[in-house]
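Taking it in order: structure first as structure tokens, then the write-up.
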Amino acid sequence: MAAIDYQGIKAELKRIIEEDDRTHTANVFVEPGFMWSVEQTPWVGIYAIGRTAPEPEQTLARGTRMRYHLRHLIIVIEQHMDGYPQAAARRDAFLGALELVIMDNRTIGGTVVTTWIEGGEMGVVPTEDG
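So in the working numbering, the last spot in the sequence shown is 145, and the numbers never skip.
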């Protein structure tokens, strides 16, 4: 059984995001500390957060081959000097583009069998203007 190239998967996802015309403006980081500045937005952080090996997906080759579901967290931060509503609008537009990029690259450059998006949280960092 070959080892999973966890770093390679994240690096390829980073490359895809950076090179696609829809998302190339982002500053993309793999497993970064959570530090960013206004000049870096859109800021994208890619984190490995877990894996499972669902029993129904294991074959008779068990012990020589495993099928894992890897989970990654992708954080997108956007900022706008005019306030949160504008930043949220920019974040939403970028997330839409990012989702399309991921859907167009289901195997993450051949590093995985398939990819899907499970959903996520829409974090809010309100400012004084709401």
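From the three backbone atoms N, C-alpha and C, an ideal C-beta is built for every residue, glycine too.
Reference residue i, options the options, closest by Cα
| i | options | result |
| --- | --- | --- |
| GLU114 | ILE32, LYS25 and ALA26 | ILE32 |
| ILE24 | LEU85, VAL91 and ILE90 | LEU85 |
Environment of residue i [buried if 16+ CB atoms lie within 10 Å]
| i | result |
| --- | --- |
| VAL59 | buried |
| GLN5 | Only positions 16 to 145 of the chain appear in this structure, which leaves residue 5 out of reach. |
| THR67 | exposed |
Alpha carbon of residue i to alpha carbon of residue j, nearest angstrom
| i | j | result |
| --- | --- | --- |
| GLY98 | THR56 | 14 Å |
| MET118 | MET96 | 31 Å |
| ALA18 | GLY135 | 28 Å |
| ASP36 | PHE109 | 12 Å |
Endpoints, beta strand (DSSP E) assigned at residue i
| i | result |
| --- | --- |
| ALA63 | 58 to 67 |
| PHE44 | 42 to 45 |
| GLU37 | According to the sequence provided, residue 37 is Arg. The question's Glu does not apply to it. Note, ARG37: premise wrong, no beta strand (DSSP E); not H, not E. |
Close-in-space but distant-in-sequence residues of the same chain around residue i (CB under 6 Å, 5 per side omitted)
| i | result |
| --- | --- |
| ASP43 | With the sequence shown as reference, residue 43 is identified as Val, and Asp is not the correct amino acid for it. Around VAL43: LYS29, ILE32, GLU33 and VAL59. |
Min CB distance residue i to chain B below 8 Å
| i | result |
| --- | --- |
| ARG106 | Judged by its chain identifiers, the structure shown contains no chain B, having just a single protein chain. |
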